[in-house]
Amino acid sequence: MLLPVLAVIVGLVVLVISSDRFIDGAASTARYFGMPSLLIGMVIVGFGTSAPEIVVSTLSAMQGNPGLALGNAYGSNIANIALILGVTALINPVQVSSNILRKELPILTLITLISVALIWDLELSLFDAGVLLVFLGTLMVWSIYQGLRTKDDALSLEVDEAVPQPISLKRGILYLIFGLAFLIISSRILVWGAVEIAQFFGVSDLVIGLTIVAVGTSLPELASSILAAKKGEHDIAMGNVIGSNLFNTTAVVGIAAAINPFAVDTRVLTRDMLVMVILTVSLFIIGYGFRKGRKGRVNRFEGAGLVIVYIIYTIVLLTGSAA
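Per my numbering: the sequence shown = residues 6 to 328.
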């Protein structure tokens, strides 16, 4: 068991470092070519933090471990809201000032509900994958349109301060290439170790995906969100969570199902999707700010509640798998 455990630890460490380099290279290169700050925040920073999830889930689907792929995607969504946003709000209450993020919250809720409808028959088919990927394409077009059209959004102002100024184009491209290369290598190591551990303990790859792999691939979001919260960059912290969940639900699951359509464990629908929907709707309610002129806000009390929900969910998950 020593080698699989080491594989998971080394895989996660390299995954986080390579993901950070990949995002820095992409953001810096985009800024070098004059991409608007809002577009960098919405597409590259927001969606780029899901690069570990998409690589891990793609490799898992290719190797015939669909439970790991699905668990990684939905487990990351749960961890993003309950654990990452919860911890971030405990450190510094998160206030949503960006109008773009307020528009993305109902979109995320809608896509989450649609994903439930797609797996209601306990199967992710090529048709389901196509639907999710169409939503991804539509979302990307909308994001680019908003990023080019909207001026002086709160998110763009924070990105101006947070995203590094352009390094040389050569270095930015090297960050992109080597970041992606090590993302793939570390993901292969991580998937192998996770599958070996699951087989050793007799735990399903779904549970491993929902716990160890999901939290591990969400570490880039955790690091960037906590750092953003400490700097008072609330919209970046919230944008990391929303962007990552949108990308996980559409791209990560869609690509995995397109590569290898698979049956869905009934517990995904009755347990994991239920928790994900409740958390997503809760995020919409507390983050949107329904009163006129009022900004959405996740305070410390709500952050503590989110963390408690994650702890309870994890305990139920592990005790249920042990049983």
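Using N, Cα and C, we set each Cβ at its ideal position, and we do this for glycine too.
Does the beta carbon of I28 sit closer than 8 Å to a beta carbon anywhere in chain C? Chain labels in this structure do not include chain C; a single protein chain is all it has.
Determine the contact status of I28 and T54, defining contact as a CB-CB distance below 8 Å. Here residue 28 refers to the residue found at position 23 when the sequence shown is read from its first residue. Here residue 54 refers to the residue found at position 49 when the sequence shown is read from its first residue. Taking 8 Å as the Cβ cut-off, I28 and T54 qualify as a contacting pair.
By Cβ distance, which residues of its chain are closer than 8 Å to N97, with the 5 residues on each side in sequence left out? Locating residue 97 in the sequence shown gives position 92, counting from the first residue. Excluding sequence positions up to five before and after N97, its CB lies within less than 8 Å of the CB of A234, K235, G237 and H239, all in the same chain and listed in chain order.
Taking Cβ to Cβ, would you say T93 is nearer than 8 Å to S287? The residue given as residue 93 occupies position 88 in the sequence shown. The residue given as residue 287 occupies position 282 in the sequence shown. The Cβ atoms of T93 and S287 do not sit closer than 8 Å to each other.
Reducing DSSP to helix, strand and coil, say where F38 ends up. In the sequence shown, residue 38 corresponds to position 33, counting from 1. Three-state DSSP puts F38 in coil, outside helix and strand.
Rank L11, Y37 and D133 by C-alpha distance to the C-alpha of V258 and give the top, closest one. Mapped onto the sequence shown, residue 258 falls at position 253. Comparing Cα positions, the closest option is D133.
Cα-Cα separation, G292 to G308: Translated into positions along the sequence shown, residue 292 becomes position 287. Translated into positions along the sequence shown, residue 308 becomes position 303. Straight-line measurement puts the Cα of G308 at about 12 Å from the Cα of G292.
How about S103 and A32: do their beta carbons lie closer than 8 Å? The sequence position of residue 103 within the sequence shown is 98, counting from 1. The sequence position of residue 32 within the sequence shown is 27, counting from 1. When the beta-carbon positions are compared, S103 and A32 stay at least 8 Å from each other.
Would you say the segment 248–255 touches the segment 107–121, given that touching needs at least three Cβ pairs under 8 Å? Remark: three or more beta-carbon pairs, one from each stretch, lie closer than 8 Å, so the segment 248–255 and the segment 107–121 are flagged as touching.
Residue environment, P71, which counts as buried when at least 16 other CB atoms sit within 10 Å: Position 66 of the sequence shown, counted from the start, is the residue given in the question as residue 71. By the 10 Å Cβ count, P71 comes out buried.
8 Å Cβ cutoff met for R107 and G301: Locating residue 107 in the sequence shown gives position 102, counting from the first residue. Locating residue 301 in the sequence shown gives position 296, counting from the first residue. Yes, these two residues count as a Cβ contact at 8 Å.
Could you tell me which residues DSSP puts in a beta bridge with V301? The residue labelled residue 301 in the question sits at position 296 within the sequence shown. It should be pointed out that residue 301 corresponds to Gly in this sequence rather than to Val. Listed as beta-bridge partners of G301 by DSSP are V101.
My assumption, with CB atoms under 8 Å, is that A203 sits in contact with A66. Please give the rounded CB distance. Taking the sequence shown and counting its residues from 1, one reaches residue 203 at position 198. Taking the sequence shown and counting its residues from 1, one reaches residue 66 at position 61. About 16 Å; that fails the 8 Å criterion.
Could you tell me the alpha carbon to alpha carbon distance between A56 and I89, rounded to whole angstroms? Residue 56 sits at position 51 when you count from the first residue of the sequence shown. Residue 89 sits at position 84 when you count from the first residue of the sequence shown. Between the alpha carbons of A56 and I89 lies a distance of about 17 Å.
DSSP state of E128 mapped onto helix, strand, coil: Working through the sequence shown from its first residue, we reach residue 128 at position 123. Residue state for E128 is assigned as strand, using DSSP reduced to three classes.
On the DSSP bridge list, what partners appear for F267? By 1-based counting over the sequence shown, the position of residue 267 is 262. Note: F267 sits in a beta bridge opposite L129.
Let me know the secondary structure DSSP gives G142 once reduced to three states. Position 137 of the sequence shown, counted from the start, is the residue given in the question as residue 142. The three-state secondary structure of G142, taken from DSSP, is helix.
For G53, which of helix, strand or coil comes out of DSSP? Within the sequence shown, numbered from 1, the residue matching residue 53 stands at position 48. Helix at G53.
Quick one: what's got a C-beta closer than 7 Å to I194's C-beta in the same chain, skipping five residues either side? Translated into the one-based positions of the sequence shown, residue 194 becomes position 189. When the five nearest sequence neighbours on each side are left out, the beta carbons in the same chain lying within less than 7 Å of the beta carbon of I194 are those of A12, V15 and G16, in order along the chain.
DSSP three-state label for T63, please. Taking the sequence shown and counting its residues from 1, the one referred to as residue 63 is at position 58. It is helical.
Is Y79 buried or exposed, if buried means 16 or more other CB atoms sit within 10 Å of its CB? On the sequence shown, position 74 is the one that residue 79 refers to. Here Y79 is buried: its Cβ has 16 or more other Cβ atoms, across all protein chains shown, within 10 Å.
Ordered along the chain, which non-local residues of its own chain (more than five positions away) have a Cβ less than 7 Å from that of L185? The sequence position of residue 185 within the sequence shown is 180, counting from 1. Here the set comprises F27.
Rounding to the nearest angstrom, what Cα-Cα distance links I178 and W125 in this structure? Along the sequence shown, read from residue 1 onward, the residue named residue 178 stands at position 173. Along the sequence shown, read from residue 1 onward, the residue named residue 125 stands at position 120. Distance between the alpha carbons of I178 and W125: 42 Å.
From the DSSP output, in three-state form, read off N82 for me. Taking the first residue of the sequence shown as position 1, residue 82 is located at position 77. Correct three-state label for N82: helix.
C-beta atoms of E226 and N85 nearer than 8 Å: The sequence position of residue 226 within the sequence shown is 221, counting from 1. The sequence position of residue 85 within the sequence shown is 80, counting from 1. For E226 and N85, yes; Cβs fall inside 8 Å.
CA nearest to the CA of V269, picked from T324, K175 and V121: One-based indexing of the sequence shown puts residue 269 at position 264. The alpha carbon of V269 has as its nearest neighbour, out of T324, K175 and V121, the alpha carbon of V121.
Local Cβ density within 10 Å of M6, reported as buried at 16 or more and exposed below that: Along the sequence shown, one-based indexing puts residue 6 at 1. Its Cβ having fewer than 16 others within 10 Å, M6 is exposed.
Which residue comes first and which comes last in the alpha helix (DSSP H) that contains V196? If you number the sequence shown from 1, residue 196 lands on position 191. First-last of the alpha helix (DSSP H) with V196: L174 to F206.
Extent of the continuous alpha helix (DSSP H) to which E226 belongs: Your numbering for residue 226 matches position 221 in the sequence shown. Per DSSP, E226 belongs to the alpha helix (DSSP H) from L224 to K235.
Counting along the chain, where does the alpha helix (DSSP H) carrying A87 start and finish? Here residue 87 refers to the residue found at position 82 when the sequence shown is read from its first residue. For A87, no alpha helix (DSSP H) encloses it, and the DSSP letter there is neither H nor E.
In angstroms with no decimal places, state the Cα-to-Cα distance between T333 and G198. There is simply no residue 333 to check, as the chain begins at 6 and stops at 328 in what is shown.
Look at the Cβ atom of L138, then the Cβ atom of T271, and state whether they are nearer than 8 Å. Translated into the one-based positions of the sequence shown, residue 138 becomes position 133. Translated into the one-based positions of the sequence shown, residue 271 becomes position 266. In this structure, T271 does not lie closer than 8 Å to L138 by Cβ.
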